[in-house]
Amino acid sequence: MIRSIFSKILLSHIGIILLSTITLTLFMSYLVRSNAVDTKRQDLLFKGRAVVELLTPNLLAGNIPTNESLDRISELAGGRIWLINEKGTVLAGQPPNNWSRRFQEDRQEYIDLFTDSPHSWIRPTYRRDPSIVVTFAIPEAPTPIVIFLDAPIVGVNKTVSSLERTLLYSLFASVVTAILAGFLIARSLTKPIANISQAAKNFADGDYNSRTTATGNNEIGSLGQTFNTMADSLAEIEQNRRNFLANVSHELKTPVTSIQALSETILDGLAPKPEQQQRYIATILQESQRLDRLISDLLDLSQLEADELSILCEELDLQVWLATEATKMETLLNPKHLTLQTVIPEQLPPVWSDPIRLGQVLTNLLTNAIRYSPEESTITIHLSATKHQVAISVIDQGPGISPDDVPYIWDRFYRADKSRARTYGGTGLGLAITKKLVHAMQGEISVDSQVGKGSTFTFTLPVIK
Numbered sequence: 001m002i003r004s005i006f007s008k009i010l011l012s013h014i015g016i017i018l019l020s021t022i023t024l025t026l027f028m029s030y031l032v033r034s035n036a037v038d039t040k041r042q043d044l045l046f047k048g049r050a051v052v053e054l055l056t057p058n059l060l061a062g063n064i065p066t067n068e069s070l071d072r073i074s075e076l077a078g079g080r081i082w083l084i085n086e087k088g089t090v091l092a093g094q095p096p097n098n099w100s101r102r103f104q105e106d107r108q109e110y111i112d113l114f115t116d117s118p119h120s121w122i123r124p125t126y127r128r129d130p131s132i133v134v135t136f137a138i139p140e141a142p143t144p145i146v147i148f149l150d151a152p153i154v155g156v157n158k159t160v161s162s163l164e165r166t167l168l169y170s171l172f173a174s175v176v177t178a179i180l181a182g183f184l185i186a187r188s189l190t191k192p193i194a195n196i197s198q199a200a201k202n203f204a205d206g207d208y209n210s211r212t213t214a215t216g217n218n219e220i221g222s223l224g225q226t227f228n229t230m231a232d233s234l235a236e237i238e239q240n241r242r243n244f245l246a247n248v249s250h251e252l253k254t255p256v257t258s259i260q261a262l263s264e265t266i267l268d269g270l271a272p273k274p275e276q277q278q279r280y281i282a283t284i285l286q287e288s289q290r291l292d293r294l295i296s297d298l299l300d301l302s303q304l305e306a307d308e309l310s311i312l313c314e315e316l317d318l319q320v321w322l323a324t325e326a327t328k329m330e331t332l333l334n335p336k337h338l339t340l341q342t343v344i345p346e347q348l349p350p351v352w353s354d355p356i357r358l359g360q361v362l363t364n365l366l367t368n369a370i371r372y373s374p375e376e377s378t379i380t381i382h383l384s385a386t387k388h389q390v391a392i393s394v395i396d397q398g399p400g401i402s403p404d405d406v407p408y409i410w411d412r413f414y415r416a417d418k419s420r421a422r423t424y425g426g427t428g429l430g431l432a433i434t435k436k437l438v439h440a441m442q443g444e445i446s447v448d449s450q451v452g453k454g455s456t457f458t459f460t461l462p463v464i465k
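Just so we're aligned: the sequence shown equals residues 1 to 465 in the UniProt record's numbering.
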């Protein structure tokens, strides 16, 4: 069984050429033979009528022409002429050998020759051109007579053989052409497919840089471009997975190492003073809480990416909700003597949101604002409404974010200020979780920041219509 596309395309080309040429040969042979026969038939009928007009007066008078006179007339007519009566007796002329066998099989057909006129048929011959036979009846003669005129179709077999030989040469040339054209076409189709297949195999074997070069402006090229796009996405996903594992391992290792070292110090009696032990135990608690936050954030992020985190949206009055949330943040504002102010329009439509998840979003944004705001500065929560949505902005007066860092702040474990990130205790997952939570509630989030002038994080929520 032929399995390869290359072989199928090549053989299909050859098969189509063979079938077309053989069909053409048979059709042309039929046309040549039919045309030659029809032309000869019309010529003999014309000459036969002339012979009938020439012989009828004598035959009506009862005079049978001699063989010599018929031979001369035959030379002029281009065929053999003979006469027979109703008994099948040859009256004059010389018929071909075994001509009478034509009538022994069907007596009625023989009788019809004497009742109507003219008749014609093809008389096949062995290894020679076939002949056309025409007959004309002269029933008014004293004895009913039929005149036969037989002439070979000269050159038909030779013409047909020449045509068939020419078509045979054409068939051979067509097959060679089909093989070359089929080879080139099949190769042009199968080579890029093989290239895509090899690139996919290399990618599956772990070579994430493997790409196909079959990216032309056709269907296969489109397939190659799609493969390369998919490979880029998968490679990026794989790189993100590796980075994520590395970051998680690093984030977990730091507090675990600290907890282990401080615990061993206390157990080994290297911190004999109670105040030292208290300080070490407080650090262990702090690192444990940090681990708890990291694990909670990882679970939330995992559920969000798998669309498994429950989002229970309901009608929400932002003014009432925001007053409650702002009270919860007072304990975080006091150590740095920060002021939290809210700007809320008088007419604020209700939104469609999950109050618990919305609280998580606002907490993450306010925590970052508090973390990076200078002491005794102000953090503003600004609300504005349009026909379709409400925008909530968290504005701080911190150091701002570099334009080079802005596109990446939503990535997991990305920290714009790497030197101070651990001091402030962030997990590096807050903004990634915040963005996914906002999207889960049918909103959008963005940031506008200038270095030295602070940052403004704005997210939207749909208005209840």
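Just so you know, even glycine gets a beta-carbon here, dropped at the ideal spot from N, CA and C.
Asked                                                                                                            : Found
Collapsed DSSP secondary structure at ALA421 in the structure displayed                                          : Its pLDDT being 47, under 50, ALA421 is placed unreliably in this model, and the value from its coordinates should be taken loosely. Of the three classes helix, strand and coil, the one that applies to ALA421 here is helix, per DSSP.
Cβ pair count under 8 Å reaching 3, the segment 43–53 against the segment 197–214                                : no
Close beta carbons around residue 471, own chain, < 6 Å, minus the five adjacent residues each side              : Beyond the ends of the chain as shown, which are 1 and 465, falls residue 471; an answer cannot be given.
GLY454, DSSP secondary structure in three states                                                                 : strand
Member of ALA200, ILE147, GLY454 whose CA lies at the smallest distance from the CA of GLY88                     : ILE147
C-alpha gap between GLN104 and SER162, whole angstroms                                                           : With a pLDDT of 46 at GLN104, under the threshold of 50, the modelled position of that residue is not reliable, and no figure is offered here.
Span of the beta strand (DSSP E) around ARG211                                                                   : Neither: ARG211 is in no beta strand (DSSP E) and is coded neither H nor E.
LEU18 versus LYS158 - alpha carbon distance                                                                      : 24 Å
Alpha helix (DSSP H) runs wholly inside the segment 31–87, at least 4 long, in chain order                       : 67–77
Extent of the continuous alpha helix (DSSP H) run through TRP321                                                 : 318–328
Bounding residues of the alpha helix (DSSP H) (the contiguous stretch that carries ARG412)                       : First-last for ARG412: undefined, no H or E at that position.
GLU236 to MET230 span [Cα, whole Å]                                                                              : 10 Å
Secondary structure of GLU105, DSSP reduced to three states                                                      : Residue placement at GLU105 cannot be trusted, given a pLDDT of 45 that sits under 50; the coordinates are not used to answer.
PHE148 (DSSP reduced to helix, strand or coil)                                                                   : strand
Three-way DSSP call (helix, strand, coil) for THR115 in this model                                               : coil
Spatial neighbours of LEU70 in its chain, beta-carbon cut-off 6 Å, leaving aside the 5 residues before and after : ILE81, ALA92, GLY93
Complete runs of the alpha helix (DSSP H) confined to the segment 324–391 [at least 4 residues]                  : 330–333, 355–372
Beta strand (DSSP E) segment containing LEU141, residue limits                                                   : At residue 141 the sequence reads Ala, which differs from the Leu that was named. Taken as a continuous stretch (DSSP letters only), ALA141 belongs to no beta strand (DSSP E), as it is neither H nor E.
Closest residue to LEU365 among SER197, SER310, VAL394, ILE179 (Cα-Cα distance)                                  : VAL394
Start and end residues, beta strand (DSSP E) containing ALA92                                                    : 90–93
Bounding residues of the alpha helix (DSSP H) (the contiguous stretch that carries GLY430)                       : 430–440
Assigned exposure category for ARG420 - 16 Cβ within 10 Å defines buried                                         : Confidence in ARG420 is poor, its pLDDT being 46 and thus under 50, which makes the residue's placement too unreliable to answer from.
Rounded separation between PHE172 and ALA178 - CA only                                                           : 10 Å
Whether THR21 touches LEU167 by CB criterion (8 Å)                                                               : yes
PRO130 - DSSP class collapsed to helix/strand/coil                                                               : coil
Residues sharing a beta bridge with GLU315, DSSP                                                                 : TRP352
Distance between ASP38 and LYS68 (C-alpha atoms, nearest Å)                                                      : One point to set straight first is that residue 68 is Glu, not Lys, in the sequence displayed. Whole-angstrom Cα-Cα distance: 30 Å.
CA nearest to the CA of ALA141, picked from ARG123, ILE84, ASP112                                                : ILE84
Residue(s) in a DSSP beta bridge with ASP448                                                                     : THR456
Coarse secondary structure for LEU461, derived from DSSP in three states                                         : strand
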